[in-house]
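**Student:** Going by our numbering, 202 is the number at position 217 of the sequence shown; the sequence numbering is gapless.
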Amino acid sequence: VPRPKGAPPPPSAETEGGYPKDIDWSKPIVLQVGNLGTNYDKFVHDPIVLDEPARFFQWDFFEFFSRTPWYVVPIVWVPVVCFMLYHSANLGLTPVEAAKGWAGGITFWTVMEYGLHRWVFHMDEKVQFSWLSITAHFLLHGVHHKLPQDPMRLVFPPVLTTFFLAAFWYFFYAMFPASWTYAITSGGLSGYICYDLCHYYLHHSGIPPLSYFGRLKRYHLAHHYKDHKLGYGITSKFWDVVFGTLLDVPEPKAKAS
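(1) So that I know if they touch, is there some Cβ in chain B lying closer than 7 Å to that of V81?
(2) Where does P162 fall in DSSP's three states?
(3) Pick helix, strand or coil for T0, following the three-state DSSP scheme.
(4) Measuring only the C-alpha atoms, how far is F68 from W62?
(5) Can you find the residues in the same chain that come closer than 6 Å, C-beta to C-beta, to S118, ignoring five residues on each side of it along the sequence?
(6) Roughly how far, in whole angstroms, is the beta-carbon of R52 from the beta-carbon of P38, given that I think they are within contact range, below 8 Å?
(7) In angstroms, rounded to a whole number, what distance separates the CA positions of T136 and E82?
(8) DSSP three-state call for P136: helix, strand or coil?
(9) Can you tell which of T166, A88 and T23 has the C-alpha that lies nearest to the C-alpha of S115?
(10) Taking just the CA atoms, how far does Y217 sit from M108?
(11) Following the continuous alpha helix (DSSP H) through E236, name the residue where it begins and the one where it ends.
(12) Going by the beta-carbon positions, is the gap between F157 and T166 smaller than 7 Å?
(13) Report the partner residues of P5 according to the DSSP bridge assignment.
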């Protein structure tokens, strides 16, 4: 029986391979997904659209921090970018050197955007060995494929971003002086901000189909609904071309005038 658009799926008792095939959407979902076992990959790549954001946790405190409106990203992180650039100058970089470091960080981010999406976020089948690994993957990226239009679970929560940012900073600090590390990290963080805002825009805006972002939107939605093992670029297709994961998305025909 088809369900109305936006209605949660009814509870299912179906199993396969000794694991449930679905979860009970009338209850908080996060502690349930780990029980899906080897059915997890099929579950997350069968997307649904709900009228309201899904309830993640029973506890309101955790539920609050699981929801991140898009505007939190620039509010939290743009001041951090400015501070890092300012601090890099205080530590001795000239404006030109700081600009070079910033540009280098953005360039590095484009590789990170592709690499994280392909080799970390899409470990789908490889995480099905334990409840904890499945739950962690669902929180990291699986939820976005199951609920691609959930506006509260699309951009990264600041707490999660902080861990990636710290790893990014220490990675460069192992190779460069602190002044350059701050400049490069500010560029990487700028790239991340653009990525998250672009990603949200592709999912939640009406974009002219023949514009640049219209093409990106069709490309990214094809990653969700056509083939999740191709098309890992969000802000650009460049690294998909380089690594041979370009997703074939036909161009729409222009309307006759």
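Ideal Cβ positions, reconstructed from N, Cα and C, are used throughout, including at glycine.
**Tutor:** Let's see:
(1) Checking the listed chains, one finds no chain B in this structure; it contains a single protein chain.
(2) coil
(3) strand
(4) 10 Å
(5) V112
(6) 6 Å
(7) Note that residue 136 is Pro in the sequence shown here, rather than Thr. Roughly 38 Å separates the two Cα atoms.
(8) coil
(9) T23
(10) 13 Å
(11) Counting along the chain, E236 falls outside any alpha helix (DSSP H), and DSSP gives it neither H nor E.
(12) yes
(13) T0
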